[in-house]
DNA sequence: GTCTATACGGCGATAGAC
DNA sequence: GTCTATCGCCGTATAGAC
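Protein chains in written order, with the working numbering: chain Z, 44 to 265; chain B, 44 to 265.
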């Protein structure tokens, strides 16, 4: 795998390895792993058919690399946001607010989805796709579960007395709603007659945070 | 398309057309449209490679037929459940309860997913897959939107004064949570250490109804 | 090392022969 | 209603150009 090492690039100008990753990201996010051919990726990236395999060993290796690239960035952002929320609450001598936890969980995704970089928007769709199929469950687990456990622990702190089972089911629903928002299928636009816009990530995620903050707190009040 | 007409079959014994549909349903639900080959479908159904194309014109036609077959059944069930809830409330001279509406929306899905018929369980996963990708948004729209509009209207009645935008976003989150539950990826099982089981549909959907009933009502109380 | 051109065995959907 | 033949595209290995 020595060809797969990250080659530092002089500021800004992307190397061909990144061009391949970008093209693969876009195509995989639109049509899934099986719906994309290595030839299409190569063509979109403007490179030879054999180059993706040279860098990533196989189509599957390419898929993994695409998924991994931004997972690391996203995990760091979310983890940092959570740490900030936890320590600011500690400093104030208060319990962390559920809303702050959910915001730490969701804001980095919201920013990714409303980013100017189309790569981030594609990546959000890709994660949604991966999270919706049992075939790729292992990828979600290995890249995201550690972080998720950290958030669940924080929520348990914020909601003393909550039953673990209720907590996990609530998280399941949160992640379902989040996943559909990331999938950005445009369906809510049509259903709502343009009242709600998948493209308006800040609006979508503001509603998401509010709705689930009330939802989580509500569990403990019943 | 005369070959595609439904040929009535003597009680119970499925014709080859249905064998093809069943096999396609299982495979498509596991690996998506592009991840399945017509040859695999034919082999699983125990028929010649060309038979699926004979019945359904193309691979895409087969996919549509699989999706349509149970959509009709599910739509009828959900619509009937909603009508029952609406008319029983009317008879009692009361407003419909949010919970009854959500139950009408969700119970038929829950029964499908916990059915003895593996075909229904496969179908739930297929719908989840289709609903998670922009590529298939049109299929969701054409098969389900009429029914969804009916549910949204009912919810508007049950929640007087709710802003349409809030209502649609709440529906979006509901359907996201529902979709992930239907996808049955097994991830919540692992995350929760076995406390929550995707296989236990009644438990999953009971939590779903409770959580979202509170969520919808809560919108109007803030 | 980085990359291209090309070749290969295999499987894809499906049209047309039967 | 069934099967077979066809043709194109698939992922990937490899040889060698730069």
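C-beta: ideal position from N, C-alpha, C; glycine also.
Collapsed DSSP secondary structure at residue i in the structure displayed
| i | result |
| --- | --- |
| residue 191(Z) | helix |
| residue 205(Z) | coil |
| residue 227(B) | coil |
| residue 148(B) | helix |
| residue 58(B) | coil |
| residue 196(B) | helix |
| residue 159(B) | coil |
| residue 141(Z) | helix |
| residue 135(B) | coil |
| residue 91(B) | coil |
| residue 170(Z) | helix |
| residue 79(B) | coil |
| residue 181(B) | helix |
| residue 124(Z) | helix |
| residue 238(B) | coil |
| residue 65(B) | helix |
| residue 251(Z) | helix |
Proximal residues to residue i (C-beta, below 8 Å), its chain only, five neighbours per side dropped
| i | result |
| --- | --- |
| residue 202(Z) | 141, 210, 259, 260, 262 and 263 |
| residue 162(B) | 65, 68, 69 and 113 |
| residue 187(Z) | 114 and 118 |
| residue 1(B) | Residue numbering for chain B in the displayed model covers 44 to 265; residue 1(B) lies beyond these limits and cannot be assessed. |
| residue 182(B) | 107, 110 and 173 |
| residue 6(Z) | As shown, chain Z starts at 44 and ends at 265. That puts residue 6(Z) outside it, with no answer to give. |
| residue 195(B) | 210, 211 and 214 |
Cβ shell of residue i (< 7 Å), same chain only, five flanking positions each side left out
| i | result |
| --- | --- |
| residue 213(Z) | 258, 259 and 262 |
| residue 93(B) | none |
| residue 121(B) | 147, 148, 151 and 190 |
| residue 204(B) | 263 |
Proximity of residue i and residue j at Cβ, strictly below 8 Å
| i | j | result |
| --- | --- | --- |
| residue 225(Z) | residue 168(Z) | yes |
| residue 232(Z) | residue 240(Z) | yes |
| residue 223(Z) | residue 149(Z) | no |
| residue 72(Z) | residue 172(B) | no |
| residue 95(Z) | residue 111(Z) | no |
| residue 155(Z) | residue 230(B) | no |
| residue 134(B) | residue 238(Z) | no |
| residue 256(B) | residue 125(B) | no |
| residue 78(B) | residue 248(Z) | no |
| residue 177(B) | residue 184(Z) | no |
Any non-hydrogen atom of the ligand ATP closer than 7 Å to residue i Cβ
| i | result |
| --- | --- |
| residue 168(B) | Only the bare structure without any ligand can be found here, which leaves the ligand ATP out of the picture. |
Cβ neighbour criterion (16 or more within 10 Å) applied to residue i
| i | result |
| --- | --- |
| residue 198(B) | buried |
| residue 56(Z) | exposed |
| residue 45(Z) | With a pLDDT of 37 at residue 45(Z), under the threshold of 50, the predicted position of this residue should be treated as unreliable, though the coordinate-derived value follows. Residue 45(Z) should be labelled exposed. |
| residue 127(Z) | exposed |
| residue 143(B) | buried |
| residue 116(B) | exposed |
| residue 75(Z) | buried |
| residue 48(B) | With a pLDDT of 42 at residue 48(B), under the threshold of 50, the modelled position of that residue is not reliable, and no figure is offered here. |
| residue 219(B) | buried |
Cβ shell of residue i (< 6 Å), same chain only, five flanking positions each side left out
| i | result |
| --- | --- |
| residue 62(Z) | 88 |
| residue 244(Z) | 153, 156 and 157 |
| residue 129(B) | 139 |
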